[in-house]
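The structure under discussion appears below in the form of structure tokens.
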Amino acid sequence: MIALLLATLTQSLTLIPLALGINLSYTILRATDMTIDGSFVLGAGVFAQLVTMGFSPYLAFAAALLCGALAGSFTAFLQNGGKVDPLLAGILSSFILYSVNMAIMGRPNINLLTTPTLFSTAFGHGNVLGWLSVALLIGLFVIAFYALLQSRLGLCLRAFGDNAALLSRQGYNVTYLRISGFGLNNLLAAASGAITAQIIGYADIGMGVGMTLVGIGAIILGQHILLPFIKKHYLRAGSELLAAFIGIALYFFILNSLLRLNINPIYLKLLLGVLLALFLRTATQKTRLS
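Under numbering that gives the first Met the number 0, read the sequence shown as residues 0 to 289, first letter to last.
Written out as structure tokens, the structure reads:
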């Protein structure tokens, strides 16, 4: 049981920035941004390619974040200039990013096991110190994201998700808000991809498949567990963050439990997909009753 909980905790930790990004797009901007699948791989691929070329891990990580933000900005541009539906714009961006990611990586998989990373020195002194360094970096993202939600920009992004047309009539630059929102949520997805690549020891072209769906399903589950608290507006931002953490942790707890039951890996995504469908259906029913 302890091993199961530790595996759940460590796997959930690396995907917290991804959960924050999906929370920003799905909960605050009220958009299903499929770009995240591609941005997750983009962050991992840019980081892996740069560090294997000899660049500093810090520079590589910053470049990964910038590339993620650019990918999100491209999706926002498609919605604004091309008048494309947000869901279709995200699918199109993710489709394009597959080729971009392959071009950046140069091959389907980049090995990082023998390459210096942000956490390699810490893990060299023991797993506890290594995971503490990961938790410290993740904590910085959480603090920055919470501060964003409380800032004027965060409030404007929430208003943009509620009613962009009304915000535009009041004189706000909705184009800037759209680019900021989608740029930030994909920056967070890229950060999660870069961190995950360092933990598992490689970047892979297929590592982002289904990440958006998993994140949305987990966040909805977490939100409906904490629904009474989210309704209290003075606890709203903190409750949304906690809901994202709980949802991701529950997903990985279920995943690791299935693995320990010796479920055939061929059927693993089938079972997880059915469970996510049940979570989404239950969440919808609770919303209608509330």
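From the three backbone atoms N, C-alpha and C, an ideal C-beta is built for every residue, glycine too.
Worksheet item: By the 10 Å Cβ neighbour count, where 16 or more other Cβ atoms means buried, how is MET52 classified, buried or exposed?
Response: That one is exposed.
Worksheet entry | Proximal residues to GLY37 (C-beta, below 7 Å), its chain only, five neighbours per side dropped | Excluding positions up to five away in sequence, the list reads ALA70, SER92, SER93, LEU96, TYR97, ASN100, GLY207.
Worksheet item: Which one of ILE1, PRO16, THR7, LEU271 has the shortest CA to CA distance from LEU186?
Response: Comparing Cα-Cα distances from LEU186 to each of ILE1, PRO16, THR7, LEU271, the minimum goes to PRO16.
Worksheet item: According to DSSP, is TYR201 helix, strand or coil?
Response: In the structure shown, TYR201 sits in a strand (DSSP, three-state: E or B).
Worksheet item: From VAL127 to GLN197, what does the alpha carbon distance come to, in whole angstroms?
Response: Straight-line Cα distance between these residues: approximately 16 Å.
Practice prompt. Would you list, in sequence order, the uninterrupted beta strand (DSSP E) runs of no fewer than 3 residues that lie entirely inside the region 166 to 214?
Written response: As far as the region 166 to 214 is concerned, its whole beta strand (DSSP E) runs of at least 3 residues are 201 to 203.
Worksheet entry | Residues that DSSP places opposite ILE109 in a beta bridge | BP columns for ILE109 point to ALA202.
Worksheet item: Is the region 250 to 266 close to the region 0 to 15, with three or more CB pairs under 8 Å?
Response: A contact exists between the region 250 to 266 and the region 0 to 15.
Item to complete: Return the first residue and the last residue of the alpha helix (DSSP H) that TYR145 is part of.
Response: For TYR145, the uninterrupted alpha helix (DSSP H) run begins and ends at 126 to 149, by DSSP.
Worksheet item: Under three-state DSSP, which class holds PHE76?
Response: Note: PHE76 maps to helix in three-state DSSP.
Item to complete: With DSSP as the reference, label ALA6 as helix, strand or coil.
Response: Three-state result, ALA6: helix.
Worksheet item: According to the neighbour-count rule (16 or more other Cβ atoms, all chains shown, within 10 Å of its Cβ), is ASP84 buried or exposed?
Response: Exposed, because fewer than 16 other Cβ atoms sit within 10 Å of the Cβ of ASP84.
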